[in-house]
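When you line the sequence shown up against this note's numbering, it's residues 187 to 326, in that order.
The C-beta atom is built at its ideal place from N, Cα and C for all residues, glycine as well.
Step one of this worksheet: look at the structure below.
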Amino acid sequence: NILEFSVANHNFAIDADIVSEIIKYDENTLIPNVHPSIEGMFIYRNNVIVNLNMFKFFDFPQQEETETLKNIIIHINDSYIGLIVSVAKSMYNVSENSILELDANPDQTEFAIGTVNLDDREITLLDMNKIITSIIWNLK
187 NILEFSVANH
197 NFAIDADIVS
207 EIIKYDENTL
217 IPNVHPSIEG
227 MFIYRNNVIV
237 NLNMFKFFDF
247 PQQEETETLK
257 NIIIHINDSY
267 IGLIVSVAKS
277 MYNVSENSIL
287 ELDANPDQTE
297 FAIGTVNLDD
307 REITLLDMNK
317 IITSIIWNLK
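Structure below.
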């Protein structure tokens, strides 16, 4: 299963097994000296959630008003992380053989597993482990 979401009119998806919850975006407590795409942190259901701004991570302009943003809470590597996105869309059952390989463009493939075509939309499947690792090591 995958969860589809959009960031500045770009369609992405992640493994639905790591998704804990989808909530409305709320203000953060700033964290000094972190990766530029880390928006801050907040407490939710007795867990510290570090917020990753997907607009900043992918260098997309944030056109939406803050009040309309969503926060996808994921649980990965024993940590809770919030993904700030435009819209959390739908969950889909996708078989592994329907995942298409990416072009050889390194900019496109660095954080992606492949693509899926759903309802005439190309959705990029993201590898959240690679994204988190790149932030930890500040490689992006």
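Whose CA, out of the options, lies closest to the CA of residue i?
i, options, result
"E253", "N195, F297, D212, G268", "D212"
"T215", "N315, V234, F228", "F228"
"N187", "N195, K256, D201", "D201"
"D245", "R307, N303, N195", "N195"
"I208", "P247, K256, A199", "K256"
"F297", "A199, V234, M314, F241", "M314"
"S281", "H261, N233, K316, N303", "N303"
"N233", "F241, E251, H261", "H261"
"I317", "I299, R307, E308", "I299"
Just to check my reading of the structure: residue i and residue j have Cβ atoms closer than 8 Å, yes? What is that Cβ distance to the nearest angstrom?
i, j, result
"T310", "L286", "Actually they do not touch by this definition, with Cβ atoms about 10 Å apart."
"I172", "N239", "This structure gives no information on residue 172, because the portion of the chain shown stretches from 187 to 326."
"S192", "K275", "7 Å"
"G268", "V236", "7 Å"
Give me the Cα-Cα distance between residue i and residue j, rounded to the nearest whole angstrom.
i, j, result
"T319", "D305", "32 Å"
"I322", "S223", "11 Å"
"N197", "S284", "17 Å"
"L312", "E190", "10 Å"
"S265", "S272", "22 Å"
"Q249", "F243", "15 Å"
"I259", "K210", "10 Å"
"E251", "F241", "13 Å"
"Y278", "L288", "20 Å"
"Y230", "R307", "33 Å"
"I217", "A199", "27 Å"
Taking CB distances under 8 Å as the criterion, tell me whether residue i reaches chain D.
i, result
"Q249", "Looking at the structure shown, chain D is missing, and only one protein chain is on hand."
Please go through the stretch 209-260 and give each complete beta strand (DSSP E) segment of 3 or more residues, from N-terminal end onward. 224-230, 233-239
What runs of the alpha helix (DSSP H), each 4 residues or longer, lie entirely inside the stretch 285-324? Runs found: 292-295, 314-322.
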